[in-house]
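Heads up: the sequence shown begins at 13 in our numbering, then just goes up one per residue.
Where a beta carbon is used, it is the ideal one built from N, C-alpha and C, also for glycine.
Source: prediction; values computed, not measured.
Presented below is the structure to which this report refers.
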Amino acid sequence: MKAHPAKVDTANERLRSILAIVNDCYFALDQRYRITDLNQSAIDWVGPTQSRVLGACLWDLCDPGAECSRVIREGMEQRRRVRREVMSGLRPGRWIDLQVSPSADGLSVFITDITERRSAKEALEELSGRLLNLQEEERQRIAEELHDSTAQHLVAAGLNLMRMKQYVSPGDGGKLLNETADLVEEAARELRAFTYLLHPPSLENGGLAGTVRDFAAGFTHRTGLSTTVQVPEMANHLPFDIQRSLLRVIQEALTNAYRHASASRLVVDLRTGRGILKLRILDDGCGLAQAVRKMAPGGPLLGVGVAGMRARLVRFGGDLKFLSDGRGTMVIATLPHASSSPA
Ligand SMILES: Nc1ncnc2c1ncn2[C@@H]1O[C@H](COP(=O)(O)OP(=O)(O)OP(=O)(O)O)[C@@H](O)[C@H]1O
Ligand SMILES: [Mg+2]
Numbered sequence: 013m014k015a016h017p018a019k020v021d022t023a024n025e026r027l028r029s030i031l032a033i034v035n036d037c038y039f040a041l042d043q044r045y046r047i048t049d050l051n052q053s054a055i056d057w058v059g060p061t062q063s064r065v066l067g068a069c070l071w072d073l074c075d076p077g078a079e080c081s082r083v084i085r086e087g088m089e090q091r092r093r094v095r096r097e098v099m100s101g102l103r104p105g106r107w108i109d110l111q112v113s114p115s116a117d118g119l120s121v122f123i124t125d126i127t128e129r130r131s132a133k134e135a136l137e138e139l140s141g142r143l144l145n146l147q148e149e150e151r152q153r154i155a156e157e158l159h160d161s162t163a164q165h166l167v168a169a170g171l172n173l174m175r176m177k178q179y180v181s182p183g184d185g186g187k188l189l190n191e192t193a194d195l196v197e198e199a200a201r202e203l204r205a206f207t208y209l210l211h212p213p214s215l216e217n218g219g220l221a222g223t224v225r226d227f228a229a230g231f232t233h234r235t236g237l238s239t240t241v242q243v244p245e246m247a248n249h250l251p252f253d254i255q256r257s258l259l260r261v262i263q264e265a266l267t268n269a270y271r272h273a274s275a276s277r278l279v280v281d282l283r284t285g286r287g288i289l290k291l292r293i294l295d296d297g298c299g300l301a302q303a304v305r306k307m308a309p310g311g312p313l314l315g316v317g318v319a320g321m322r323a324r325l326v327r328f329g330g331d332l333k334f335l336s337d338g339r340g341t342m343v344i345a346t347l348p349h350a351s352s353s354p355a
């Protein structure tokens, strides 16, 4: 049944008035890639060349080999919606969020200029990368200071207490001395664990695989959570910055599982395959709270921990995701990886 012409006119009019006020640029293409319509935002965005645009063939204005042109052809030829962030062919140098959608007589093209947003994002990533480097340098400096100075003072205090034993008679004085010696010993142990967390020296000497195993053993000892580690020796040959970032991601994920998940078992699993490196940390805890899951589609962003994990990966072109239900949480960190050995 055909729509009444008056109704079609009204619908078209309504559509035109909507397109006239939206901020997105709108172009209509016919099947021969001629521009048959464009809205005010598109006219403003195209600028001085606008008089040439209406009725022109797209390929006279835009390099047919450009990525944006490929997206447009894909939508037209395969009759499907496509959305991608690409460099503009109409205005070289500008980044656009390009969406194409098949229409009755060709293709509707929607463009949002995201150049400023992208630059701001890149600047932010660059800044967070520099802050993370500074943080690591600061941690190393504090760890070395504590190890070389404070820890040595504690050792000296412990030795002095041992020597004092010969001058103190058994009884209350001797008991107090023994207790004090135990406290000094305990403080030295805590300091060693703390400096290790601040700057694990084994990462520089032995590499990621052994460091993660050591860390997990210490973690299991302190928390009682059973932790299984599968990190291949090849991880020791990754660039040092990447090993350090992966270690920090693992440390934060294990700490989160302990603090928030009420888990009893944890698995750390690192693999490579098809050009990516995939790190998974699984726990069998309560899963992310509903409120946290709703915060952001890509994962929770409540504390500093998760944001730091993500920033450590993004700076190497990687990403972080969470899969979670009532039976536990899986943290999935991915990084591009040059070798394509099987997973
Ligand atoms: N394994 C997990 N199981 C359950 N909830 C988790 C898990 N990991 C993270 N969460 C939730 O995600 C939130 C954000 O974690 P995030 O590490 O960013 O912050 P935090 O641990 O609360 O604080 P901090 O800044 O000290 O790390 C947590 O508060 C917690 O609710
Ligand atoms: Mg945390």
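Closer than 7 Å: residue i CB and nearest ligand 2 heavy atom
i	result
Gly299	no
Gly101	no
Thr267	yes
Glu148	no
Glu264	yes
Local Cβ density within 10 Å of residue i, reported as buried at 16 or more and exposed below that
i	result
Arg322	buried
Gly311	With a pLDDT of 49 at Gly311, under the threshold of 50, the predicted position of this residue should be treated as unreliable, and no value is reported.
Gly186	exposed
Ser353	For Ser353, the predicted structure reports a pLDDT of 44, less than 50, and the residue's modelled location is therefore unreliable. A value from the coordinates is still provided. Ser353 should be labelled exposed.
Lys19	exposed
Pro251	exposed
Glu89	exposed
Val182	Checking the displayed sequence, the identity of residue 182 turns out to be Pro instead of Val. Classification of Pro182: exposed, given that the 10 Å Cβ count is below 16.
Phe206	exposed
Ser100	buried
Ala247	buried
Asp337	exposed
Glu264	buried
Ala355	Bear in mind that a pLDDT of 40 at Ala355, under 50, signals an unreliable position, so the model cannot answer this.
Asp56	exposed
His233	exposed
Met255	Residue 255 is actually Gln in this sequence, not Met. Classification for Gln255: buried.
Pro348	exposed
Tyr369	Residue 369 lies beyond the range of the chain shown here (13 to 355); nothing can be said about it.
Arg260	buried
Identified DSSP bridge partners for residue i
i	result
Gln242	Asp281
Phe122	Tyr38, Gln111
Ile344	Arg292, Lys333
Met99	Trp107
Val94	Val112
Heavy atom of ligand 1 within 7 Å of residue i beta-carbon
i	result
Val261	no
Glu317	Checking the sequence shown, residue 317 turns out to be Gly, not Glu. Correct: Gly317 has its Cβ closer than 7 Å to ligand 1.
Asp295	yes
Thr239	no
Thr124	no
Ala273	yes
Thr341	yes
Val304	yes
Integer Cβ distance of residue i from residue j, believed to fall under 8 Å
i	j	result
Leu173	Ala193	4 Å
Asn51	Ala32	6 Å
Leu266	Met342	Between Met342 and Leu266 the Cβ distance is about 13 Å, and since that is not below 8 Å, they are no contact.
Leu203	Thr162	6 Å
Pro114	Gly87	6 Å
Gly297	Ala273	3 Å
Leu210	Ala155	4 Å
Trp71	Tyr38	That pair is no contact at about 19 Å.
Ile123	Asp49	Wrong, their Cβ atoms sit about 14 Å apart, outside the cutoff.
Arg8	Gly299	An answer regarding residue 8 cannot be provided, because it is not within the stretch 13 to 355 covered by the chain.
Leu282	Pro244	7 Å
Within the segment 26-90, note down every full beta strand (DSSP E) run reaching 3 residues or more, in order along the chain. 37-42, 47-50
Sequence ranges, alpha helix (DSSP H) only - wholly within the segment 168-237, length at least 4: Counting whole runs of 4 or more residues, the segment 168-237 contains the alpha helix (DSSP H) stretches 184-210, 213-217, 220-235.
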